[in-house]
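Working notes for the structure below.
Residue numbers (the working numbering), protein chains in the order written: chain A, 3 to 114; chain B, 11 to 124.
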């Protein structure tokens, strides 16, 4: 199964962009990269996902390198409410069943 | 309705008790998941149901017994649990197993085994 590697923790100043890196060097061609975040042991919240191309939605942007071995999640204007654990996940397939295998995550602390 | 609802939110049980966790979604999703999350750790996959059939069991002990009575409902039956089974149990669903798509998570059931 493809695995992800993320820094354990990061700080970001409020109002600045937060750039969260992720390595997934063993990813296969049909495996998607997902990002979720989790605040205070609530259920994980979906942020964004992608396969090859860069993606953007109202929450964030996802930049995937051309070789797909790494990606970066960008929160354009971080707020205090963005303080959370951010998980970079590769969706792998076991037969016809997809499963999200969580990495250890990055704890992002947004500071005033 | 874009919610996955889990009940109960909190459960305390003894090691000899039998209890169940319930998960419900009304989004027409055909795949449902159980994850277990210990404190300060990432969620770990336990089971996956696709089209109401068990498709993945990640070598979970038999004291955890999943059930999918219909496409909207997923249960996790608990029996003879150990204190180390205390954790947050998360349910999730996705429209189908096709490429892409968002996995929706519930808020979890926090289980304490005494």
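Cβ atoms here follow ideal geometry from the backbone N, Cα and C, with glycine treated the same way.
Output the boundary residues of the beta strand (DSSP E) element that contains residue i.
| i | result |
| --- | --- |
| residue 155/B | Residue numbering for chain B in the displayed model covers 11 to 124; residue 155/B lies beyond these limits and cannot be assessed. |
| residue 35/A | 34-40 |
| residue 67/A | Element bounds for residue 67/A: n/a, residue is neither H nor E. |
| residue 50/B | It is not in any beta strand (DSSP E) - residue 50/B carries neither H nor E in the DSSP assignment. |
| residue 106/B | Run containing residue 106/B: none; DSSP gives neither H nor E here. |
| residue 34/B | 28-35 |
| residue 13/A | 11-15 |
| residue 100/A | 99-104 |
| residue 91/B | Here residue 91/B belongs to no beta strand (DSSP E), and DSSP marks it neither H nor E. |
| residue 25/A | 20-25 |
| residue 136/B | This structure leaves residue 136/B out entirely; chain B is present only between 11 and 124. |
| residue 52/A | 47-52 |
| residue 86/A | 86-96 |
| residue 30/A | It is not in any beta strand (DSSP E) - residue 30/A carries neither H nor E in the DSSP assignment. |
| residue 112/A | 108-113 |
For residue i and residue j, what's the separation of their Cα atoms in angstroms?
| i | j | result |
| --- | --- | --- |
| residue 83/A | residue 21/A | 16 Å |
| residue 59/B | residue 78/B | 7 Å |
| residue 74/B | residue 18/B | 16 Å |
| residue 7/A | residue 100/A | 20 Å |
| residue 44/A | residue 80/B | 26 Å |
| residue 19/A | residue 55/A | 21 Å |
| residue 88/A | residue 118/B | 18 Å |
| residue 61/B | residue 89/B | 26 Å |
| residue 67/B | residue 56/B | 6 Å |
| residue 93/B | residue 64/A | 40 Å |
| residue 110/B | residue 33/A | 9 Å |
| residue 122/B | residue 87/B | 15 Å |
| residue 91/B | residue 58/A | 44 Å |
Segment contact flag, the stretch 38-52 of chain B with the stretch 91-103 of chain B, C-beta cutoff 8 Å, min 3 pairs: yes
Chain B contacts from the stretch 7-22 of chain A (Cβ-Cβ distance under 7 Å): none
Proximal residues, the stretch 97-108 of chain A versus chain B, C-beta separation under 9 Å: 97, 98, 99, 100, 101, 102, 103, 104, 105, 106 and 107
Selection of the stretch 49-75 of chain B by Cβ proximity to chain A, strictly under 7 Å: 52, 53, 55, 58, 60, 65 and 66
Members of the stretch 40-63 of chain A that neighbour chain B once the beta carbon cut-off is set at 8 Å: 43, 44, 45, 46, 47, 48, 51 and 53
Contact between the stretch 27-34 of chain A and the stretch 76-96 of chain A (3+ Cβ pairs under 8 Å): yes
Stretch pair the stretch 69-89 of chain A + the stretch 35-44 of chain B: three plus CB contacts closer than 8 Å: no
Given 8 Å, three or more beta-carbon pairs between the stretch 104-113 of chain A and the stretch 55-69 of chain A: no
Members of the stretch 76-91 of chain A near chain B, C-beta cut-off 7 Å: 89
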